[in-house]
Amino acid sequence: MSEEPRKIAFICSKGTLDMAYPALIMGWAALGNGLDVTLFFTFWGMDLINTHRVDRLELAPVANTSMKMSMMGVKTGNLGIPNIMGVLPGMTAFATKLMRDKISDLDVPPVREFMQMLADAGAKMYACKMSVDMMDLKKEDFIDGVQDIVTAAEFIDMTDGAQIIFI
Amino acid sequence: MTTRAIAGKIVEVNEEGFLTDASQWTKEIAVELAKEEGIDLLTDGHWKVIDFARTSAGNGGASPTLRAITSGSGVSTKELFSLFPKGPAKKVAKIAGLGKPEGCV
Chain A
445 MSEEPRKIAF
455 ICSKGTLDMA
465 YPALIMGWAA
475 LGNGLDVTLF
485 FTFWGMDLIN
495 THRVDRLELA
505 PVANTSMKMS
515 MMGVKTGNLG
525 IPNIMGVLPG
535 MTAFATKLMR
545 DKISDLDVPP
555 VREFMQMLAD
565 AGAKMYACKM
575 SVDMMDLKKE
585 DFIDGVQDIV
595 TAAEFIDMTD
605 GAQIIFI
Chain B
3 MTTRAIAGKI
13 VEVNEEGFLT
23 DASQWTKEIA
33 VELAKEEGID
43 LLTDGHWKVI
53 DFARTSAGNG
63 GASPTLRAIT
73 SGSGVSTKEL
83 FSLFPKGPAK
93 KVAKIAGLGK
103 PEGCV
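First to last, the protein sequences are chains A and B.
Residue numbering for the first sequence is 445 to 611, as defined by this note's numbering.
Residue numbering for the second sequence is 3 to 107, as defined by this note's numbering.
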């Protein structure tokens, strides 16, 4: 029991609703199994820790070849949502609502609450220095769990021996 | 599947040491299993979680997920991880004599 725990680190680079969840779910599972978990947020992944953005993550149906009409409850098999429909005003909001409802039906929490769960469970969270500078953000813009703003080299140092997953 | 003696009883366990028959579980067994998991004393907080897990375990005997425990038992995420440090998902299941949780969250 005294040996060092396995370490795992996630680089979260996407800010869409569907790409926010993989690291949250895997990270939560890893914490539940006793791993040391680090999350590093960069580029669009900054939306997950940005207190002004975290509740507004979206999913666009345009050019999303996996999103089928059948997800909306219309039994049309492999028929996709036509891109021409996806560009209509309100379609992104509609697809987002659909996905949020499906996630909530599984009793999986919204992103902000999930981030708090991870922080409470001991995950270490860091914001990327370059993204912070590029997007003109400050530590005050981030949700509570974010411990620090670090450079890429610092992240590499602090994840020595960890398995790193890029999302 | 093997058997082992614990707290004066012979129970069936799998290769990871989880009880395979939840009905063989006793509170005395929980105390011993907790010690093996590095928890020397089971407090009221621990029992609240263990009792909740036992009550809400499905017919298949799987332990509830961590999210199900925190939303159902009133124990917060922080408390849960401090009561069962370094892997509450497995530790709660093992000490409560149940199988590993079957959900992801």
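C-beta: ideal position from N, C-alpha, C; glycine also.
- Count the other C-beta atoms from every protein chain shown that fall within 10 angstroms of the C-beta of B/I8, then say buried if there are 16 or more, exposed otherwise. Position 6 of the second sequence, counted from the start, is the residue given in the question as residue 8 of chain B. Buried: at least 16 other Cβ atoms inside 10 Å.
- Between A/M513 and A/G605, what straight-line distance do the alpha-carbon atoms span, to the nearest angstrom? Residue numbering aside, residue 513 of chain A sits at position 69 when the first sequence is read from its first letter. Residue numbering aside, residue 605 of chain A sits at position 161 when the first sequence is read from its first letter. Cα-Cα distance, rounded: 44 Å.
- Would you list the one or two residues that DSSP bridges to A/M569? Translated into the one-based positions of the first sequence, residue 569 of chain A becomes position 125. DSSP, once it has assigned bridges, lists A/L483, A/V590 as partnering A/M569.
- Spell out whether any CB of chain B is found under 8 Å from the CB atom of A/V449. Numbered from 1 along the first sequence, position 5 holds the residue referred to as residue 449 of chain A. Checking the sequence, you will find Pro at residue 449 of chain A rather than Val. Yes, contact with chain B.
- Message: Does the CB of A/I669 have a neighbour CB from chain B at under 8 Å?
- Response: Because chain A here runs from 445 to 611, residue 669 of chain A falls outside it and cannot be looked at.
- Message: Restricting to Cα atoms, I'd like to know which of A/L483, A/D480, A/G517, A/M511 is closest to A/M527.
- Response: The residue you call residue 527 of chain A lines up with position 83 of the first sequence. The amino acid occupying residue 527 of chain A in the given sequence is Asn; Met does not appear at that position. Of the candidates A/L483, A/D480, A/G517, A/M511, the one whose C-alpha sits nearest the C-alpha of A/N527 is A/M511.
- Query: Which same chain residues, not among the five before or five after A/V576, have their C-beta less than 7 Å away from its C-beta?
  - Reply: To locate residue 576 of chain A, count along the first sequence from 1; it is residue 132. Cβ within range, chain order: I593.
- Query: Where does the unbroken beta strand (DSSP E) through A/I600 begin, and where does it stop?
  - Reply: As a working mapping, residue 600 of chain A is identified with position 156 in the first sequence. Element bounds for A/I600: not the beta strand (DSSP E) but the alpha helix (DSSP H), 596-602.
- A/N522 classed as buried or exposed, judged by whether at least 16 other C-beta atoms fall within 10 angstroms: Working through the first sequence from its first residue, we reach residue 522 of chain A at position 78. Exposure of A/N522 is indicated by the presence of fewer than 16 other C-beta atoms within 10 angstroms of its C-beta.
- Message: I'd like to confirm the pairing. Which residues does DSSP put opposite A/Q388 in its beta bridges?
- Response: Nothing about residue 388 of chain A can be reported from this structure: the residues present for chain A run from 445 to 611 only.
- Task: Measure from the C-beta of A/V555 to each C-beta in chain B and report whether the shortest distance is under 8 Å.
- Result: On the first sequence, position 111 is the one that residue 555 of chain A refers to. The beta-carbon of A/V555 is placed no less than 8 Å from the nearest beta-carbon of chain B.
- Supposed contact pair A/G530 and A/P505 - C-beta distance, whole angstroms, cut 8 Å: In the first sequence, counting from the first residue as 1, residue 505 of chain A sits at position 61. In the first sequence, counting from the first residue as 1, residue 530 of chain A sits at position 86. Their Cβ separation, rounded to whole angstroms, is 4 Å, which keeps A/P505 and A/G530 in contact under 8 Å.
- What does A/D551 touch in chain B if you count any residue whose Cβ is under 9 Å from its own? Here residue 551 of chain A corresponds to residue number 107 of the first sequence, with the count starting at 1. Close to A/D551, with beta-carbon spacing below 9 Å, are these residues of chain B in chain order: T67, R69, A70, S73, G105, V107.
- Task: To the nearest angstrom, report how far apart B/T67 and A/T540 are at their CA atoms.
- Result: In the second sequence, the residue the question calls residue 67 of chain B occupies position 65. In the first sequence, the residue the question calls residue 540 of chain A occupies position 96. Cα-Cα distance, rounded: 26 Å.
- Query: What do you get for A/M559, buried or exposed, if any count of 16 or more other CB atoms within 10 angstroms of its CB means buried?
  - Reply: The residue given as residue 559 of chain A occupies position 115 in the first sequence. Flag for A/M559 reads buried.
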